Amino acid sequence: MQKPMHQWLTRALLVSALIAGAVPVLAQSGAEGKSPPAGYVAAADPKPGDSNAERAKSQPGNNAPLWRAVRESGNTPGISNLPGAEKGVLIQPLVQYPGVRLNNAGEAWRQVRNQWIIPYGGSLILIALLTLALFYWRRGPLGGHGVDTGRVIERFTPFERATHWTNAIAFVTLAVSGLVMSFGKFLLLPVLGGTLFGALTYALKTAHNFAGPLFAVSLLLMLITFVKDNLPSKQDLTWLMRFGGMFGGQEVASHRFNAGEKVVFWLGVLALGGLVVASGLVLDKLIPGLAYLRPDMQIAQMVHSAAAMVMLAMFAGHIYMGTIGMKGAYQAMRTGYVDEAWAKEHHELWFDDVKAGKIPAKRSQEPAPQAAPQA
Ligand code: HEM
453 MQKPMHQWLT RALLVSALIA GAVPVLAQSG AEGKSPPAGY VAAADPKPGD
503 SNAERAKSQP GNNAPLWRAV RESGNTPGIS NLPGAEKGVL IQPLVQYPGV
553 RLNNAGEAWR QVRNQWIIPY GGSLILIALL TLALFYWRRG PLGGHGVDTG
603 RVIERFTPFE RATHWTNAIA FVTLAVSGLV MSFGKFLLLP VLGGTLFGAL
653 TYALKTAHNF AGPLFAVSLL LMLITFVKDN LPSKQDLTWL MRFGGMFGGQ
703 EVASHRFNAG EKVVFWLGVL ALGGLVVASG LVLDKLIPGL AYLRPDMQIA
753 QMVHSAAAMV MLAMFAGHIY MGTIGMKGAY QAMRTGYVDE AWAKEHHELW
803 FDDVKAGKIP AKRSQEPAPQ AAPQA
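For the sequence shown, our numbering gives the first residue as 453, with consecutive numbering after it.
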């Protein structure tokens, strides 16, 4: 009986496969016993710890050792001819920063900034501004209940005002430039276009670098100048518990500064100001003896921007109270003087001490204004 065609074909394929497999074996066995030509060095088999040069011989084109070294350069720095710290580190080691998963430090820092600091910091500032707008809309400016007497008390000496305004001008410069650096990409870039936005941001970034040290020095002067009258007193607790009397008629009596101002001083000026200044000086590379490696700069940047955004939200409240939020407050810081009626309404214990002669009504040599400054 005749076999079907496909069976013959299968057999033929099998036989040819067997012959093909046997040829190299025969060739090898034929080569056995023969020594390689003089000077011939056989390529070594690839090994896990190969250098890239070794692997290029054993498996030309396989650059796995190079990329493995790049990935591990955070733990075992590579060799680089460039002078300077960290030049042999292309990818930083793994770290666990708060709020994001374990990742190499560069990527982890990027995620902390983009997923936490920018969206939550921006929201905090917006919430603060909206709350102030809402408060102004419902309540308007506070104070102004007493009738001016025409008699004035010196509230801030020229030195105190100069210190305050240097600090405030530096702060506003830092705030505007910092906000453009953080949120300009979303808010200004689409409106201004790349060229104009680039030039503006470059100019503001340079202004930020120079205003920073000025802010640092003036902040230190502020702390020294105002610390004495910001020390806690027993009335502060009452003031805080009744929120200064803001929601119930009369203002709670306070000394020269009330508990709200003291919170701004200790939390805003000392704690947040201290964090922002210290991290800012690291970012400006002004602290001698620091290596300024990538992790130093990443940590400094996270501390700086997070603290700055909380500080901005807090000082939005301070600036509100110092300008449109309270009648007469801005005049006090601009001219240095307040009417006795203002002093009695807002800082009654301080006013009593001035009247009792315990605190001089005038501390500087500068001549007092003839009339009470306008609220
Ligand atoms: C444009 C910005 C600012 C304005 C309009 C402003 C306005 C004022 C005003 C009117 C006062 C007097 C309040 C009173 O008589 O009780 C004052 C006090 C004060 N300001 Fe400002 N300020 C500004 C920015 C700043 C900044 C940036 C800081 C600090 C980082 C600051 C820290 C202080 C301190 C420490 C006092 C004394 C009261 C206290 O110890 O809390 N101010 N400010």
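Just so you know, even glycine gets a beta-carbon here, dropped at the ideal spot from N, CA and C. This one's a predicted model, so the numbers in the text were calculated from it and none came from an experiment.
Pairing CB atoms from the stretch 689–697 with CB atoms from the stretch 572–588, are three or more of them under 8 Å?
Contact between the stretch 689–697 and the stretch 572–588 is not established, with fewer than three Cβ pairs separated by less than 8 Å.
Separation of Thr787 from Ala795, as counted between CA atoms
On the sequence shown, residue 795 is found 343 positions in, with the first residue counted as 1. On the sequence shown, residue 787 is found 335 positions in, with the first residue counted as 1. Cα to Cα, Ala795 sits roughly 15 Å from Thr787.
Can you name, in chain order, every residue of its own chain whose Cβ lies under 7 Å from the Cβ of Leu626, other than the five neighbours on each side?
As a working mapping, residue 626 is identified with position 174 in the sequence shown. Excluding residues within five positions, the ones whose Cβ falls inside 7 Å are His660, Ala663, Gly664, Phe667.
Just to confirm, are Met761 and Gly636 a CB contact at a threshold of 8 Å?
Translated into the one-based positions of the sequence shown, residue 761 becomes position 309. Translated into the one-based positions of the sequence shown, residue 636 becomes position 184. No, the Cβ-Cβ distance between Met761 and Gly636 is not below 8 Å.
Which listed residue (Leu719, Gly720, Phe717, Asp748) has its alpha carbon closest to that of Gly732
Working through the sequence shown from its first residue, we reach residue 732 at position 280. Out of Leu719, Gly720, Phe717, Asp748, Asp748 has the C-alpha closest to the C-alpha of Gly732.
Give me, in chain order, the residues of the same chain whose beta-carbon lies closer than 7 Å to that of Asn527; leave out the 5 immediate sequence neighbours on both sides.
By one-based count along the sequence shown, residue 527 stands at place 75. Hits under 7 Å: Pro545.
Beta-carbon gap between Leu673 and Thr609 smaller than 8 Å
Here residue 673 corresponds to residue number 221 of the sequence shown, with the count starting at 1. Here residue 609 corresponds to residue number 157 of the sequence shown, with the count starting at 1. Result no, Cβ atoms of Leu673 and Thr609 do not sit closer than 8 Å.
In this structure, how does DSSP classify Ile829 when only helix, strand and coil are distinguished?
The chain is shown only over 453 to 827; residue 829 falls outside these bounds and no answer can be derived.
Secondary structure at Ser481, three-state DSSP: helix, strand or coil?
Along the sequence shown, one-based indexing puts residue 481 at 29. Confidence in Ser481 is poor, its pLDDT being 49 and thus under 50, which makes the residue's placement unreliable; the coordinate value appears in the next sentence. DSSP places Ser481 in helix when its eight states are reduced to three.
Restricting to Cα atoms, I'd like to know which of Pro489, Gly491, Gln511, Tyr492 is closest to Lys499.
On the sequence shown, residue 499 is found 47 positions in, with the first residue counted as 1. The residue with the shortest Cα to Cα distance from Lys499 is Gln511.
Per DSSP, Met778 forms a beta bridge with which residues?
The residue given as residue 778 occupies position 326 in the sequence shown. DSSP, once it has assigned bridges, lists Leu594 as partnering Met778.
Does the beta-carbon of Arg553 have 16 or more other beta-carbons within 10 angstroms, so that it is buried, or is it exposed?
The sequence position of residue 553 within the sequence shown is 101, counting from 1. Under this definition Arg553 is an exposed residue.
Alpha-carbon to alpha-carbon, Gly630 and Lys657
In the sequence shown, counting from the first residue as 1, residue 657 sits at position 205. In the sequence shown, counting from the first residue as 1, residue 630 sits at position 178. The alpha-carbon atoms of Lys657 and Gly630 are separated by roughly 8 Å.
Taking C-alpha atoms, which residue in Gly650, Phe587, Asn556, Val522 lies nearest to Met778?
The residue labelled residue 778 in the question sits at position 326 within the sequence shown. Nearest of Gly650, Phe587, Asn556, Val522 to Met778, Cα basis: Phe587.
Please tell me whether, using a cut-off of 7 Å, the distance from the CB of Met674 to the nearest non-hydrogen atom of the ligand HEM is below it.
The sequence position of residue 674 within the sequence shown is 222, counting from 1. True, at least one ligand heavy atom lies under 7 Å from that Cβ.
Proximity to Val522 [Cα-Cα], best of Ser503, Gly536, Gly513, Pro535:
Looking up residue 522 in the sequence shown gives position 70. Ranking Ser503, Gly536, Gly513, Pro535 by Cα distance to Val522 puts Ser503 first.
Would you kindly report the start and end of the unbroken alpha helix (DSSP H) that includes Tyr789?
For the purposes of this step, residue 789 is taken as the residue at position 337 of the sequence shown. That residue, Tyr789, is in no alpha helix (DSSP H); its beta strand (DSSP E) goes 789–791.
In the DSSP output, which residue or residues are listed as bridge partners for Val547?
The residue you call residue 547 lines up with position 95 of the sequence shown. Paired residues: Asn555.
Residues of its chain near Phe611, where Cβ-Cβ distance is below 8 Å and the 5 sequence neighbours each way are ignored
Within the sequence shown, residue 611 is the residue found at index 159, counting from 1. Once the five neighbours on either side are set aside, the close Cβ partners of Phe611 are Thr677, Ser816.
Between Tyr782 and the ligand HEM, is there a pair consisting of the residue's CB and a ligand heavy atom that are separated by less than 7 Å?
Along the sequence shown, read from residue 1 onward, the residue named residue 782 stands at position 330. True, at least one ligand heavy atom lies under 7 Å from that Cβ.
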